[in-house]
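Okay, structure first, notes after.
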């Protein structure tokens, strides 16, 4: 029987036999495989049976799913493949062969697909031109794989003190807003926190921080932020009573 | 944020027809500019089709948030930006298909530069050599990178910017809507500040009017419409060799809300479209 081997760095944590037609991996309890790590999304990825093989599919996770260090959306699995989710690796092993009931299992999967609500970004607008679609899909994935720079370092903020909704933020978005506003991704709490204190802009591996309209709300390394500047590893960001440190990681 | 817009398109001094198309939707704060190419009327057809398909896609999405997206959703960008990309990909498909139908339109294509303002966020999508500039603190910054052969060479350090402007290959673009079944769309997001101006233009402006001159014009006008008119005039005064289209957008702070306005916003919640 095919199985997944869950590893953290070199240590093998668990062996997961693939018995079901679909297996969901994520941080939230209730997943088939639970990985409790901040870099893992609630429902991060799934492994599903398709005819006579298994396929790994990213479930719009924040930090992505990598197959043999290529970022993928959906890809077929072969023996020895390594799926990287956050810092954990799942090694696919099918030396025991794909289950005999794969056909039945795949039927179950198609039904599941029919009843599942259509995800907004998996839907393609023109459904009459199937062939064209597949072509578009193929090139989109190919170009995505090519453009995903594995070496690009991701910026993170660690909260040292003060009231925020998380202790650590991973800055994967193009724009990250710091403030009390609804659209803030780094959410400040407290009565006097500014709505938008600063905005961090990610640009080709660099991170720039810019002040908001409310002047003087943000300090970087104890200096009032009055114009956009590039964030360097170790920079201290201070907004009211909140202190955060910026760092980069692989 | 209070947004004001001005736009103008002109055939120029040399060409017989205007192959540029543009659209402004003040309700959606959506601005689209396409510069068509292809023989006879084909360029006009392509640019109009590009504008229409993208505009329609965004309008439908505004009514129906569950409207499907074309392939290639990028998680690191907001939904609004991805929506723009989706519309541009759809426009590409429409032009590509229309071009294949008749021999008269074979090989037609179009550039596109589109921008949408959602709250403080400016979403930008573009393909080809039409540009978007941000004018902030009297400084003009080009936020798009031309997909032209010469600019590609400039970026690789093979030729200088001056050489690129003089080059006979200046009109060769590497990417366009309609050229292939799928297209790679460049996307960007910028956090807007009060007092920012945004300029979308076809190459008919930038080839006739230098950046310094654009800065001068933007610094002395009082409204976006005045800026658009003046920029087109300057392009024509300098030769007007190509069609010129400009869309100018200015962003100002909203007037302070009355107490009732604040209360209404508190209860209705305002718009919460961003983030992704």
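Protein chains in written order, with this note's numbering: chain L, 6 to 255; chain H, 33 to 308.
Where a beta carbon is used, it is the ideal one built from N, C-alpha and C, also for glycine.
A quick note: this is a predicted structure, and the numbers were derived from the prediction, not measured.
Short of 7 Å in beta carbon distance, which residues of its chain neighbour residue i, apart from the five on each side in sequence? Order them along the chain.
| i | result |
| --- | --- |
| residue 117/H | 104, 157, 217 and 219 |
| residue 47/H | 274 and 275 |
| residue 155/H | 110, 112, 113, 116, 147, 148 and 221 |
| residue 237/H | 263, 267, 276 and 278 |
| residue 79/H | 51, 52, 53, 66, 67, 68 and 142 |
| residue 201/H | 181 and 182 |
| residue 224/L | 230 and 243 |
| residue 179/H | 159, 160, 161, 205, 206 and 207 |
| residue 271/H | 45 and 240 |
| residue 94/H | 60 |
| residue 43/H | 49, 50 and 275 |
Suppose the cutoff is 8 Å on Cβ atoms and the five residues either side in sequence are ignored; what does the same chain contact list for residue i look like?
| i | result |
| --- | --- |
| residue 260/H | 38, 39, 40, 278, 279 and 280 |
| residue 28/L | 9, 21, 37, 38, 51, 52 and 53 |
| residue 168/H | 225, 227, 228 and 229 |
| residue 72/H | 136 |
Which residue's Cα is closest to the Cα of residue i: the options?
| i | options | result |
| --- | --- | --- |
| residue 59/L | 17/L, 97/L, 213/L and 193/L | 97/L |
| residue 209/L | 201/L, 230/L and 180/L | 180/L |
| residue 19/L | 94/L, 255/L and 202/L | 94/L |
| residue 148/H | 252/H, 287/H and 223/H | 223/H |
| residue 193/L | 173/L, 177/L, 207/L and 206/L | 173/L |
| residue 83/L | 57/L, 161/L and 66/L | 57/L |
| residue 102/H | 126/H, 81/H, 141/H and 288/H | 126/H |
| residue 246/L | 238/L, 202/L, 41/L and 49/L | 202/L |
| residue 190/L | 78/L, 243/L and 204/L | 204/L |
| residue 251/L | 227/L, 212/L, 64/L and 55/L | 212/L |
| residue 172/H | 190/H, 245/H and 186/H | 245/H |
| residue 235/H | 177/H, 248/H and 191/H | 177/H |
| residue 170/H | 288/H, 196/H, 243/H and 90/H | 243/H |
| residue 121/H | 252/H, 209/H, 299/H and 288/H | 209/H |
| residue 255/L | 62/L, 176/L, 227/L and 31/L | 176/L |
| residue 253/L | 228/L, 207/L, 35/L and 90/L | 207/L |
In the DSSP assignment, find the unbroken beta strand (DSSP E) run with residue i in it and report its ends.
| i | result |
| --- | --- |
| residue 248/L | 247 to 254 |
| residue 80/H | From DSSP, residue 80/H is part of no beta strand (DSSP E) but of the alpha helix (DSSP H) over 74 to 95. |
| residue 146/H | 144 to 150 |
| residue 83/L | Looking at the DSSP string, residue 83/L is not in any beta strand (DSSP E), and its letter there is neither H nor E. |
| residue 96/L | 93 to 98 |
| residue 185/L | Element bounds for residue 185/L: n/a, residue is neither H nor E. |
| residue 76/L | 75 to 77 |
| residue 70/L | 70 to 72 |
For the alpha helix (DSSP H) that contains residue i, what are its first and last residues?
| i | result |
| --- | --- |
| residue 256/H | 256 to 269 |
| residue 183/H | 181 to 187 |
Who are the near neighbours of residue i in its chain, counting only those whose CB is closer than 6 Å to its CB and skipping five residues on each side?
| i | result |
| --- | --- |
| residue 231/H | 165 and 280 |
| residue 225/H | none |
| residue 282/H | 36, 229 and 256 |
| residue 99/L | 7 and 84 |
Pull up the distance between the alpha-carbon of residue i and that of residue j, whole angstroms please.
| i | j | result |
| --- | --- | --- |
| residue 206/H | residue 124/H | 14 Å |
| residue 165/L | residue 23/L | 42 Å |
| residue 39/L | residue 70/L | 15 Å |
| residue 169/L | residue 161/H | 43 Å |
| residue 220/L | residue 284/H | 17 Å |
| residue 75/H | residue 69/H | 4 Å |
| residue 297/H | residue 199/L | 18 Å |
| residue 7/L | residue 106/H | 32 Å |
| residue 53/H | residue 84/H | 9 Å |
| residue 194/H | residue 211/H | 28 Å |
| residue 92/L | residue 14/L | 7 Å |
| residue 64/H | residue 88/H | 11 Å |
| residue 66/L | residue 48/L | 7 Å |
| residue 236/L | residue 183/L | 14 Å |
| residue 151/L | residue 214/H | Unreliable positioning characterises residue 151/L in this predicted model, as indicated by a pLDDT of 43, which lies under 50. A coordinate reading is not provided. |
| residue 17/L | residue 33/H | 54 Å |
| residue 134/H | residue 140/H | 11 Å |
| residue 292/H | residue 185/H | 57 Å |
| residue 238/L | residue 186/L | 26 Å |
| residue 195/L | residue 250/H | 41 Å |
| residue 82/H | residue 129/H | 12 Å |
| residue 188/L | residue 248/L | 20 Å |
| residue 163/L | residue 152/H | 26 Å |
| residue 198/H | residue 241/L | 47 Å |
| residue 56/H | residue 222/L | 35 Å |
| residue 247/H | residue 12/L | 57 Å |
Closer than 8 Å, Cβ to Cβ, to anything on chain H: give me those residues from the region 202 to 220 of chain L, in chain order.
Residues 204, 206, 207, 215 and 218.
Residues of the region 129 to 158 of chain H in Cβ contact with chain L at a cutoff of 8 Å, in chain order, please.
With the criterion set as a beta carbon lying under 8 Å from some beta carbon of chain L, the members of the region 129 to 158 of chain H are 151, 152 and 153, in sequence order.
Contact list for the region 88 to 108 of chain H against chain L, Cβ threshold 7 Å:
Correct list: 98, 100, 101, 102, 103, 104, 105, 107 and 108.
For the region 216 to 229 of chain H, list every residue whose C-beta sits within 9 Å of some C-beta in chain L, in sequence order.
The residues in question are 216, 219, 220, 221, 222, 223, 225 and 226.
Against chain H, which members of the region 154 to 183 of chain L pass a CB distance test of less than 7 Å?
Taking 7 Å as the Cβ-Cβ cut-off against chain H, the residues of the region 154 to 183 of chain L that qualify are 177, 178, 179 and 180.
If you measure beta-carbon to beta-carbon, which residues of the region 27 to 58 of chain L are closer than 9 Å to chain H?
Along the region 27 to 58 of chain L, none of the residues has a CB nearer than 9 Å to a CB of chain H.
In the region 62 to 89 of chain L, which residues sit with their C-beta less than 7 Å from some C-beta in chain H, listed in chain order?
If the cut-off is 7 Å between Cβ atoms, the region 62 to 89 of chain L has 65 and 67 near chain H.
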